[in-house]
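Worksheet: the structure to be examined is printed underneath.
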Amino acid sequence: FNKACVKEVLNDLKISIYYPRPAVGDDKLDGMSINHILIDTYVSEPITRFDEFDEFRSEVERCVNIHKAAVEGMWKSLVEIGLNCPKPEGAFYLFPDFQSFQGALAAKGITTSLQLVSYLLEMHHVALLPGSVFYMPPEGLNVRVAAVDYSAADVSVNNGFVDGFPRMAQAVCRLQDFLN
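What the sequence shown shows, in the numbering used here, is residues 46 to 225, in sequence order.
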């Protein structure tokens, strides 16, 4: 864990960025453990207000259902176009890989996840993060997808993925066009 990994604490709410795996032997930051920072920053304030939860329970449940529909829809769509993608359990990030298209991608000069995401952004206007920044091997052709490109005010989970999350569905269509 490195000071450069922590962006800042915003309004006592959260640490906005940290890397998922600390360097060996570097698990302290200014004498406080990672858990201490996360607990003090994330948890202590919300727990003091937990007794007020019933006031906004329905809105929290609505948001949870929206995130769940977005992630499940994105996951199903990525799998349907032929990508290997573990099913997320509670997160809005997906980590598909393009390994099954490795030969076709190599013919286009794409052999690393960084080359892949650069090409997809430039040529197909799809923004992904390379798996190599998340400690995946660069040649693994892994990417990270954040299934959050929508306004919760405009979403109805009853509309299905394509109608409920049109920009994400369009991105999957662009990926499919790229793969075909």
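Using N, Cα and C, we set each Cβ at its ideal position, and we do this for glycine too. Since the structure is predicted, the reported quantities are computational estimates derived from the model, not experimental observations.
Item: Could you say if the segment 97–117 and the segment 201–210 meet the contact criterion of at least three C-beta pairs nearer than 8 Å?; Value: yes
Item: Along the chain, where does the beta strand (DSSP E) containing V188 start, and where does it finish?; Value: V188 to A191
Item: If P141 and V178 are in contact, beta carbons under 8 Å, what's the gap, nearest whole angstrom?; Value: That pair is no contact at about 15 Å.
Item: Which same chain residues, not among the five before or five after D222, have their C-beta less than 6 Å away from its C-beta?; Value: none
Item: If you follow the alpha helix (DSSP H) that V217 is part of, which residue opens it and which one closes it?; Value: P211 to L224
Item: Within 10 Å of its beta-carbon, does N225 have 16 or more other beta-carbons around it, so buried, or fewer, so exposed?; Value: exposed
Item: Which residue from C108, S103, G135 and V188 puts its Cα closest to that of V200?; Value: C108
Item: Quick check on this structure: which residue in V193, N204 and V124 has the alpha carbon closest to the alpha carbon of S145?; Value: V124
Item: Apart from the five residues on each side of it in sequence, which residues of its chain come closer than 8 Å, Cβ to Cβ, to V217?; Value: M119, S122, L123 and I126
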